[in-house]
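For the sequence shown, the residue numbers in our numbering are 1 to 327. Glycine is no exception: its CB is placed at the ideal position from the N, C-alpha and C atoms. Source: prediction; values computed, not measured.
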Amino acid sequence: MADSTAHLRTFKYRLYPTPAQELNLSRVLRCARNLYNMALAERKHAYQVESRSLKLADLEQPAKHYRTTFPYAMQIFSQSAQIVVKQVDTAFQAFFRRVKTGQKPGYPRFKNAMSFNSFEFKQYGSGAKINGRRLKLYGIGRLAIRWHRPVEGTVKTVRIVRKGGRWYVTFACDLLEPAVQRQQEHVANQCKDYLHKLSTQLVQTYDGIALEALRVKNMVRNKHLSKSILDSGWTILKDMLTYKAESAGRQTVFVNPAYTSKKCSNCGSLFEGMTLATRWVTCNCGLSLDRDHNAAINILKKSGWDAPVPDNVERSQAHASVRSPRL
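Given below as structure tokens:
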């Protein structure tokens, strides 16, 4: 979800393709138009002949078949093809909405070369990205651009448009207000300063540090947790600990994170039905402690170190004043 303080702004630039690139652009645009008309024909047939309404998922498989069967169809990026099919679905949703409200329906029409003049890459960096001073497109190559002004904000989507025999690119960007940008920079600096101090304290206090080998790139795909994961700076902290520990002659170990939270650190039993909302764990063996404390003990065991984990902060500080323990 986009930041509520951001607004969408478009930046349009003239493209200067080579003759070969222009031929490929025309082919992709023609493939996109053919796919649109094919999907429209599928829905029209189902609606008028079979009295049923096809859903978006029903049209995705024919779209895949089209890309793998027809000449030059593989030049259109898979996500661009998905957008074309979605446009058909959106057109029918608007049609049914107008019918329901008593407006002039305006049944979706087939597109000709004049009325279908663009195709889109819905995710910047996937099929389309700025490469140096050029725009790199899937199936096309690196196209020259006239950069008459800088691109601002975060690029979200890329649309290629043919108008009047010329080619253009439009970047849709999330743009933050200047006051909000300064606030976010201030928060980012505070977070970085905290992580620097925390990593330095850990390296100076402990001989060894055991961490979970988390795949953060995969974890941030969860749309419900991605913002919290990125805000916490796990990767930044891991990098700081790694290079600071190496410089200080300390040891860092990365262990498999599987079941570190769901396993009892005393007897090894798995906690059934455990969710992220569970913050305190108890076991039939008598174990009863904080969820994160239990996970830390499991991480320590996986690292192969036998040093005990202090039960609380006071004991940890007292122990540290005598001898630096191993975590």
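Endpoints, beta strand (DSSP E) assigned at residue i
i, result
"I209", "G208 to E212"
"L276", "L276 -> no beta strand (DSSP E), and no H or E assigned at all."
"A144", "G141 to R146"
"Q123", "Counting along the chain, Q123 falls outside any beta strand (DSSP E), and DSSP gives it neither H nor E."
"K129", "A128 to N131"
"L135", "R134 to L137"
Whether residue i touches residue j by CB criterion (8 Å)
i, j, result
"K104", "Y124", "no"
"N117", "R166", "no"
"D290", "W280", "yes"
"E152", "L175", "yes"
"F119", "A128", "no"
"I145", "Y13", "yes"
"V255", "E212", "yes"
"G233", "C191", "yes"
"V85", "E60", "yes"
"Q79", "S126", "yes"
"Y36", "Q93", "no"
"K111", "R33", "yes"
"F70", "Y138", "no"
Host alpha helix (DSSP H) of residue i (start-end)
i, result
"L237", "W234 to A248"
"Y36", "P19 to Q48"
"I330", "Any property of residue 330 remains undetermined from this structure, which presents the chain solely from 1 to 327."
"K302", "R291 to S303"
"Q61", "L56 to T69"
Residues of its chain near residue i, where Cβ-Cβ distance is below 8 Å and the 5 sequence neighbours each way are ignored
i, result
"S269", "K263, C283, N284 and C285"
"I342", "No statement about residue 342 is possible, as the shown extent of the chain runs from 1 to 327 and does not include it."
"L8", "A2, K156, A172, C173, D174 and L175"
"Q21", "I140, G141 and L143"
"A248", "V203 and Q204"
"R149", "F11"
Residues near residue i by beta carbon distance below 7 Å, same chain, minus five either side
i, result
"P17", "L25, L143 and W167"
"S303", "A210, V253 and V255"
"I299", "A210, E212, V255 and T260"
"N131", "R142"
"A91", "P108"
"P257", "E212, A213 and L214"
"F95", "P105, G106, Y107 and P108"
"L40", "V88, P108 and F110"
"Y72", "R27 and C31"
"S199", "L237, M240, L241 and K244"
"R52", "A46"
"T154", "C173 and D174"
Per DSSP, the bridge partner or partners of residue i
i, result
"A113", "According to DSSP, A113 bridges with nothing at all."
"I160", "F119 and V169"
"S199", "Paired residue(s): none; S199 is not in a bridge."
"Y16", "A144"
"T154", "D174"
"Q251", "G208"
"S288", "T282"
"F11", "F171"
"K104", "Note: K104 sits in no beta bridge, so no partner."
"K263", "L270"
Contact set for residue i: own chain, Cβ-Cβ below 6 Å, skip 5 residues either direction
i, result
"P19", "none"
"R133", "none"
"L287", "C264 and N266"
"N294", "S265 and V281"
"N189", "none"
Do the segment 32 to 47 and the segment 187 to 201 meet, that is, are 3 or more Cβ pairs less than 8 Å apart?
no
Quick test of the definition: if touching needs 3 or more C-beta pairs under 8 Å, does the segment 62 to 72 touch the segment 93 to 113?
no
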